[in-house]
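Each residue of the sequence shown is one higher than the one before, counting from 3 in my numbering.
Notes follow the structure.
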Amino acid sequence: MGVIAFWQLASQTGWLSTRILTSPQSVVETFWRLMASGELWQHLAISSWRAMVGFTIGGLIGLTLGLISGLSRWGERLLDSSIQMLRNVPHLALIPLVILWFGIDESAKIFLVALGTLFPIYINTWHGIRNIDSGLLEMARSYGLSGFSLFRQVILPGALPSIMVGVRFALGLMWLTLIVAETISANSGIGYLAMNAREFLQTDVVVVAIILYALLGKLADLSARRWNASGCAGTPLTS
Numbered sequence: 003m004g005v006i007a008f009w010q011l012a013s014q015t016g017w018l019s020t021r022i023l024t025s026p027q028s029v030v031e032t033f034w035r036l037m038a039s040g041e042l043w044q045h046l047a048i049s050s051w052r053a054m055v056g057f058t059i060g061g062l063i064g065l066t067l068g069l070i071s072g073l074s075r076w077g078e079r080l081l082d083s084s085i086q087m088l089r090n091v092p093h094l095a096l097i098p099l100v101i102l103w104f105g106i107d108e109s110a111k112i113f114l115v116a117l118g119t120l121f122p123i124y125i126n127t128w129h130g131i132r133n134i135d136s137g138l139l140e141m142a143r144s145y146g147l148s149g150f151s152l153f154r155q156v157i158l159p160g161a162l163p164s165i166m167v168g169v170r171f172a173l174g175l176m177w178l179t180l181i182v183a184e185t186i187s188a189n190s191g192i193g194y195l196a197m198n199a200r201e202f203l204q205t206d207v208v209v210v211a212i213i214l215y216a217l218l219g220k221l222a223d224l225s226a227r228r229w230n231a232s233g234c235a236g237t238p239l240t241s
């Protein structure tokens, strides 16, 4: 609150030019104006749709590949080296190539988000499976568990905390990737709103977009943490 008060004071006294950073009061007024007109909701809905679709696609692919590599030595030999090599390429560096492939429509932004979220979920899924206590697996087998029952009651609950760590990282990368994608190649969305405002020196709108991205990222992280806390208790063994 002290920072906001100082920010407001600096703006009112003219110490801080509105061309550099507008006042908190102006940011709040702009936020309500954009909400009342429906413009903010429109851009928010588009950005959220892109983020969720890209995250779902990337998450499912990463989870599937992680399960294959984690559960099978053959799958690890087939997939892991190639995936680790691709992971070392910054996915945002592919933006020029992605624009050439997909143009600036929705496919390009969804592809980038999916690519950014795939790797942390893959790595943490693989890591979670491979770090399950071998003694626990032997005990489960002694109870007669095998195949899908072993996976459902022991392997998946044991790997779930690590998978959720991957989900948290992926959610952060989801918004980071979308911010960059929308500021470079978009005609709608929160990133586009910010870049369009920049052209007209509307710093209040730019700050609204930045705050909105921060709130969305925090909300996604809190949701993942609550899910992790409530859903990772594990399933007891049954004979």
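Backbone N, C-alpha and C fix where the C-beta goes; we use that ideal spot for every residue, glycine too.
- Taking a cut-off of 8 Å for Cβ pairs, the region 59-74 and the region 123-134 touch, as three or more such pairs fall below it.
- Fewer than three Cβ pairs drawn from the region 145-155 and the region 109-117 lie within less than 8 Å of each other, which leaves the two stretches out of contact.
- In this structure, the alpha-carbon of Thr179 lies about 35 Å from that of Leu11.
- For the pair of segments examined, the region 191-200 was found not to touch the region 127-138: the number of CB pairs separated by less than 8 Å stays below three.
- Taking 3 residues as the minimum length, the region 164-218 contains no beta strand (DSSP E) run wholly inside it.
- Going by DSSP, Val91 is part of no alpha helix (DSSP H) at all; its letter is neither H nor E.
- Here Val209 is near Val29, since their CB atoms are less than 9 Å apart.
- Beyond the five residues adjoining it in sequence on each side, Gly118 comes within less than 6 Å, by CB distance, of His93, Leu175 and Thr179 in the same chain, given in chain order.
- About 6 Å separates the CB atoms of Leu195 and Val207; that is less than 8 Å, so the two are in contact.
- Ile165 and Ile63 have their C-alpha atoms some 13 Å from each other.
- Per DSSP, reduced to three states, the secondary structure at Ser148 is coil, with no helix or strand assignment.
- In the structure shown, Asn133 adopts coil according to DSSP, grouped into three states.
- The Cβ neighbour count for Thr32, taken over all protein chains shown within 10 Å, is at least 16; the residue is labelled buried.
- Annotation for Gln44: the continuous alpha helix (DSSP H) segment containing it runs Glu41 to Leu73.
- Residue range Ile97 to Phe104 is occupied by the alpha helix (DSSP H) that includes Ile101.
- Cβ neighbours of Ala161 within its own chain (closer than 6 Å, five residues either side excluded): Gly130 and Ile131.
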